[in-house]
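Residue numbers (the numbering used here): 53 to 301.
For every residue, glycine included, the Cβ atom is placed at its ideal position computed from N, Cα and C.
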Amino acid sequence: PSTLYIVATPIGNLGDITLRAIDTLKQVDLIAAEDTRHSGLLLQHLGIHAKMYPLHDHNEQQKAQQLVEKLKLGASIALVSDAGTPLINDPGYHLVKACRKERIKVVPIPGACAAITALCASGLPTDRFCYEGFLPAKSKARIDYLTKLLQEPRTVVFYESTHRIIDSLNDMLDVFGEDKSIVLAKELTKSWETIIELPISQLIIWLKEDPNRQKGEFVLILEGYHKTNDEELDPAAIKLLNRLQQELP
Ligand code: SAM
53 PSTLYIVATP IGNLGDITLR AIDTLKQVDL IAAEDTRHSG LLLQHLGIHA
103 KMYPLHDHNE QQKAQQLVEK LKLGASIALV SDAGTPLIND PGYHLVKACR
153 KERIKVVPIP GACAAITALC ASGLPTDRFC YEGFLPAKSK ARIDYLTKLL
203 QEPRTVVFYE STHRIIDSLN DMLDVFGEDK SIVLAKELTK SWETIIELPI
253 SQLIIWLKED PNRQKGEFVL ILEGYHKTND EELDPAAIKL LNRLQQELP
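Below, the structure is given as structure tokens:
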């Protein structure tokens, strides 16, 4: 009673739902969903007949308050999004914040998340990484944003859509240079799952070679910035070393 469950659902392969997620979806009084039609198909597949409640990004703040009122009256509610973990580039933030403020119990039911799924198979360092979600839609803003990441030492994870994959990679090429290598993970857990690492310029060529490669859902992962040997020392130290070298026999 009076519990909000944050339930992760699959990002493609319907087998990627946990037993706990299924149990929870069966038990709750109401399922709040980003898109009730989309989640309805998953529930149908799982044989679950539940009452649903729409919670889009654009009406979340107002709807969240209505859900909080139901929770206060003792309802149990599960929040799901179209794919993966709710709140990770999906609605739910206002609802969770409101619940925690009202001291309503919030229980996470973990599962698939595209960022983590891609990262763990990328071959890039995973000890420290940052999640950058979607880049800005306009090129100027995107380039400014990417420029700020030029010296980011952590592995950087982005989400990208089929509409902008080429434009975003072109801007990455401008900012990071053609040799910077990048991991593209597309259609994770689905039949056409592809995880490929190439220098940015070659990745663009690879995508353009076959228009089908530009379709689907993408995670892009960049290796963090590491100083090269030349840059490791500050300029004053390099100058001193050069002078010492001249003095030495
Ligand atoms: N909540 C989701 C999660 O936990 O990953 C993310 C939702 S966000 C609106 C959708 C984006 O996630 C897509 O544009 C893509 O970048 C990424 N994504 C989702 N499913 C994916 C998949 N199967 N393969 C690759 N990327 C995926």
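Query raised in the report: Under 9 Å, do Leu-221 and Leu-259 count as touching if we go by C-beta distance?
Result: yes
Query raised in the report: Going by C-alpha distance, which of Ser-243, Asp-134 and His-97 is nearest Ile-74?
Result: His-97
Requested in this report: Could you check if Leu-296 is buried or exposed, using at least 16 other CB atoms within 10 Å of its CB as the buried criterion?
Outcome: exposed
**Report entry** Cutoff 6 Å; reference Ala-193; Cβ partners in own chain excluding five residues on either side
**Finding:** none
Report task. To the nearest angstrom, report how far apart Ile-247 and Gln-203 are at their CA atoms. Result -> 25 Å
**Report entry** Phe-228 beta carbon near the ligand GTP (any heavy atom closer than 8 Å)
**Finding:** No copy of the ligand GTP appears in this structure; the ligands present are the ligand SAM.
Query raised in the report: Is Ala-135 near the ligand SAM, going by C-beta to nearest heavy atom under 8 Å?
Result: yes
Query raised in the report: Which whole-angstrom value describes the C-beta separation of Thr-178 and Ile-63, a residue pair presumed to lie in contact below a C-beta threshold of 8 Å?
Result: With a Cβ gap of about 18 Å, Thr-178 and Ile-63 do not count as contacting.
Query raised in the report: Any heavy atom of the ligand SAM within a distance shorter than 8 Å of the CB on Asn-264?
Result: no
Query raised in the report: Whole-angstrom Cβ separation of Val-209 and Tyr-183, contact assumed at under 8 Å?
Result: 5 Å
Query raised in the report: Just the Cα atoms here: how many angstroms apart are Ala-135 and Gly-268?
Result: 14 Å
Query raised in the report: If you count every other CB in all the chains shown that lies within 10 Å of the CB of Ala-116, and 16 or more means buried, which is it?
Result: buried
Requested in this report: Take Ile-256 and list the residues in its own chain whose beta-carbon comes closer than 8 Å to its own, dropping the five residues that flank it on each side.
Outcome: Ile-218, Leu-221, Asn-222 and Leu-225
Query raised in the report: Quick one: complete alpha helix (DSSP H) runs, 4+ long, within the stretch 123–205?
Result: 145–153, 166–174 and 191–200
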